[in-house]
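Number of protein chains: 2
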Amino acid sequence: MNPLSSPLLTDHYQLTMLESYLQQGMQETAVFELFFRKLPPTRNFLVAAGLEQALEFLENLRFSAEELAWLKPRLAPALVSYLELFRFTGDVHAMPEGTLFFPHEPILRITAPLPQAQFVESRLINLLHFETLIASKAARSVLVAPGKLLVDFGMRRAHGAEAALLAARASYLAGFSGTSTVLAAAIYGMPSFGTVAHSYIQAHADEAAAFEHLVRCHPENSTLLIDTYDTEAAATKVVTLARKLVRDGIEVSGVRLDSGDLGMHARRVRRILDEGGLEKTRIFASGNLNENRVHELISSGAPIDGFGLGTALDVSSDAPALDCVYKLQEYAGTARRKRSEGKATWPGRKQVYRKYDHSNGRMVRDVVALEKDDPQEGEPLIVPMMRSGRRISGINGKGKPEVIRQQALANYARLPESLRSLDAAPAYPVEISASLQALAKKVDDEASVITSAGQDRQAAT
Amino acid sequence: MNPLSSPLLTDHYQLTMLESYLQQGMQETAVFELFFRKLPPTRNFLVAAGLEQALEFLENLRFSAEELAWLKPRLAPALVSYLELFRFTGDVHAMPEGTLFFPHEPILRITAPLPQAQFVESRLINLLHFETLIASKAARSVLVAPGKLLVDFGMRRAHGAEAALLAARASYLAGFSGTSTVLAAAIYGMPSFGTVAHSYIQAHADEAAAFEHLVRCHPENSTLLIDTYDTEAAATKVVTLARKLVRDGIEVSGVRLDSGDLGMHARRVRRILDEGGLEKTRIFASGNLNENRVHELISSGAPIDGFGLGTALDVSSDAPALDCVYKLQEYAGTARRKRSEGKATWPGRKQVYRKYDHSNGRMVRDVVALEKDDPQEGEPLIVPMMRSGRRISGINGKGKPEVIRQQALANYARLPESLRSLDAAPAYPVEISASLQALAKKVDDEASVITSAGQDRQAAT
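This is the structure:
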């Protein structure tokens, strides 16, 4: 069982529901939408990400012989037989990755026979929630650090293997320069970066010798870690080393600071390097950084050329989860609505329209409307991605990270200025169309009738 | 490339260092230790977890043909040849999973040739950090909810597939009853639990019909979700249904509340159920729960028999990362120490001794000491787990979740009372032995000598 593709990576209740649906013949078309209920105080917008992995999951969904063997003693025989042939045969509509979006706007719609549409819930949320979480976190650093090298350093404290990989991908989509995670470079074809660890310096009896060994081993590109013992003393050693290496035509490309007052050390190190003729040697900073620290350092004029963001990025430390849900909006042609306290949903198949200010190209407001017979001005954000279980070719299907990244950067340029800030901004206007509001009311009204009717029917059976 | 076992799931700098170490012939024995620097304000102790996955990683570490093919155009030929035969051949000493521990206490020690010991850093932290994070979070719920059913519901908002699986495992080790994640049950042999989703109720035109279908489909064990529309009205429907089902010998085993004021609804629903003769039907609660909410509900006397904890558990929402590091403590027989500002480490190979109050069996203090020639009273917590790359058989090697879980529960009983609280307690006393302090001083003193000597040597070359 491969945990990354196993259909058993799901909630127990999906199997419970599946069995009941099959027993009752409830296999008509269901429509589910995935959306986020609200923003954390430290997010002014979200960045859609994870669709590529979601589509891959749907396209390859099947139970292996091993999985079926494990299920056999646990499920009714009819259900096991059904699962042998289980495939996702439905349609997917979604916002392309890199789209900026807001609460109550669906970013993905599944239209499929009820058992399928229900069963895929857990893993779809698991993938889309996490990549969107990280892309949205990463976007904040990208917005405050234009022109800087931003590298994901978070693998070690990401929550497991897949989190490390997807965080590398999601932060890159959102505008980061690359990652330190080698496997992400191998799988997604994105750039990877690295220096050395403190242990490398410590393993050498002498810091200057460690520096020289590293640069001679990697003469084209090596970044020296200079904070293991005394940062400024180490910077002086770098200058001495560079004078020696110049005879061999080797340059020291960069130094990394990883502790202490990064702004102060950067200034002092910059001066030492410049006075030593190393104006081209770049300063890279890391060590418990997040977008706020990066913003402070840049605002204070610290001469830092690049930043490594680790834990705070990969676990989205200030908001490690978002209120992401996947809800039934229609079954067998009838709109449905959940009315639980504080958790009511908007029924039906929806589209999101975005209006722009034509004078400056900035977004001004969105309207969530019904997909059919509810025309609105603006750009429709939700497009077809998969038909009958197969990706629609050419439509952003094979999500190329580099292409999505360029789109995301273009999208940031269209954000209202207030939303680009790290500070909480007034909410971006998202309207619910009159037709959608009317449908919600209609569903509620019919529900009371149906509930009474249902009680009557039940009493009669 | 299988992301869960690929050696490319590592930081770029590991390959940079590896190449340099090989070039310089630096392959002598290195000792690294993994420890946590400090506790978040909402943790009084940590629960060691993840060793099983760490040992599995070390035992199976090798580069596949596909991985080598990807590396070939990117690395020096000598390094690629070396990686073809790369295996972990070192020793591992560690605290058994389920051990309670504190900052600056190593929970794992790697003793291996420097290139190996260094290379495994990223994934070891990635595994041990995350499982320890979740076990430590879960322990808090376990301590405040004795006798209650506690189920991990977090898969969908866990950070990817491996996080979902490991969170299920880690919370179970820490005393949870089970998980909703089917794959965790399949892989770890732990119990899984589930009810139905709101969409199941909504897909039916009538709530009472949905209830009846579910119970008839799963007569032995079904939990009805009763908050989709009106919780108390639904509870009344459950009573009506139960009266009907009793003729067929079917009982309704439980109901689930997932929204609103859970304590209030639980009281009202309990009364409705009891008055309807359903005293044995259990009430299960979920919906944005964490250990504080569980504690409040139990303290207020809410008649709830079990709790599903989702997002807050699986992302450890109040502390989504811990300050977990893996540091070089010795190389080629010489103790090493990092002295970076605010990040200094204790050098050498260490053991942790735990002293108990013999009158009540409670822990009273720990001493971090040198492994050799530094005898201390108390129980040594670090034991051999792997020798020359192979697990030591019989020593807690194949970490059986159920066995670890019992050990963890026994360990909680030995915690000082103050540490069992959800509130921040005064720090548990962890002493550094006199010999260890002396070694640290010795390393510092020698380092200044070596640094000057190194500068002289360098000037001479």
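Chains as they are written, first to last, in the numbering used here: chain C, 1 to 461; chain G, 1001 to 1461. Ideal placement from N, C-alpha and C gives every residue a C-beta, glycine not left out. Predicted model, so just to flag it, every value in this text is computed and none were measured.
Item	Value
Nearest-angstrom Cβ-Cβ length linking C/S180 and G/A1321, presumed shorter than 8 Å	Not confirmed; about 16 Å, so no contact.
Residue-level contact to chain G via CB, C/R157, 8 Å cutoff	yes
Stretch-stretch touch, CB-based, cutoff 8 Å, three pairs: the region 307–314 of chain C with the region 107–120 of chain C	no
Buried or exposed (CB count within 10 angstroms, at least 16 for buried), G/L1330	Correcting the residue type first, residue 1330 of chain G is Glu in the shown sequence and not Leu. The residue in question, G/E1330, is buried, as its Cβ has 16 or more Cβ neighbours within 10 Å.
Residue from C/P7, C/M26, C/L4 with nearest C-alpha to C/G333	C/M26
For C/I250 and C/E220, the rounded distance between their alpha carbons	8 Å
For G/T1240, the nearest candidate out of G/G1389, G/V1142, G/L1278 (CA to CA)	G/L1278
Contact the region 1090–1101 of chain G vs the region 1141–1151 of chain G: 3+ CB pairs below 8 Å	no
Start and end residues, beta strand (DSSP E) containing C/F35	29–36
Neighbour flag for C/S141 against chain G, beta carbons, 8 Å	no
Within chain C, the residues that G/E1033 reaches when beta carbons sit closer than 9 Å	The premise fails here: G/E1033 is roughly 11 Å from chain C at the closest Cβ pair, so nothing lies under 9 Å.
Buried versus exposed, by CB contacts within 10 Å (16 or more), C/D206	buried
Chain C contact for G/E1019 (CB, 8 Å cutoff)	yes
Three-state class that DSSP yields for G/Y1326 in the structure shown	strand
Sufficient close CB pairs (3 or more, under 8 Å) joining the region 1007–1014 of chain G to the region 1343–1355 of chain G	no
Per-residue contacts from C/H129 into chain G (C-beta, under 8 Å)	R1156, R1157
Which of helix, strand or coil DSSP assigns to G/G1263	helix
Short Cβ contact (8 Å threshold) for C/S199 with G/Q1202	no
Burial state of C/D248 (16 or more Cβ within 10 Å)	exposed
Touching by the beta-carbon criterion (3+ pairs, under 8 Å), the region 1417–1434 of chain G and the region 1034–1045 of chain G	yes
In chain order, each alpha helix (DSSP H) run of at least 4 residues that lies wholly inside the region 1193–1226 of chain G	1198–1203, 1207–1217
Cβ distance (whole Å) where G/L1071 is taken to contact G/L1083 below 8 Å	7 Å
Beta-bridge partners of C/Y356, as assigned by DSSP	C/M363
Spatial neighbours of G/Y1356 in its chain, beta-carbon cut-off 8 Å, leaving aside the 5 residues before and after	R1362, M1363, V1364, G1378, E1379, R1414
Whole alpha helix (DSSP H) elements within the region 1104–1136 of chain G, 4-residue minimum	1114–1119
C/M95, enclosing beta strand (DSSP E) - first and last residue	No beta strand (DSSP E) holds C/M95; DSSP gives it neither H nor E.
When G/C1217, G/S1192, G/V1182, G/G1254 are compared against G/A1235, the one with the closest alpha-carbon	G/G1254
C/I283 in three-state terms, based on DSSP	strand
G/M1190 - DSSP class collapsed to helix/strand/coil	coil
Beta-carbon gap between G/A1285 and G/L1273 smaller than 8 Å	no
C/Y428 at chain G interface by Cβ criterion, 8 Å	no
Interface positions of the region 55–75 of chain C facing chain G (Cβ-Cβ less than 8 Å), listed along the chain	E67, W70
Contact set between G/K1338 and chain C, taken where Cβ atoms lie within less than 7 Å	H198, Q202, T228
Three or more C-beta pairs below 8 Å linking the region 184–192 of chain C and the region 151–168 of chain C	yes
Pick from C/M264, C/N2, C/A158 that is closest to C/S64, judged by C-alpha positions	C/N2
is_contact[C/M264, chain G] using C-beta, thresh 8 Å	no
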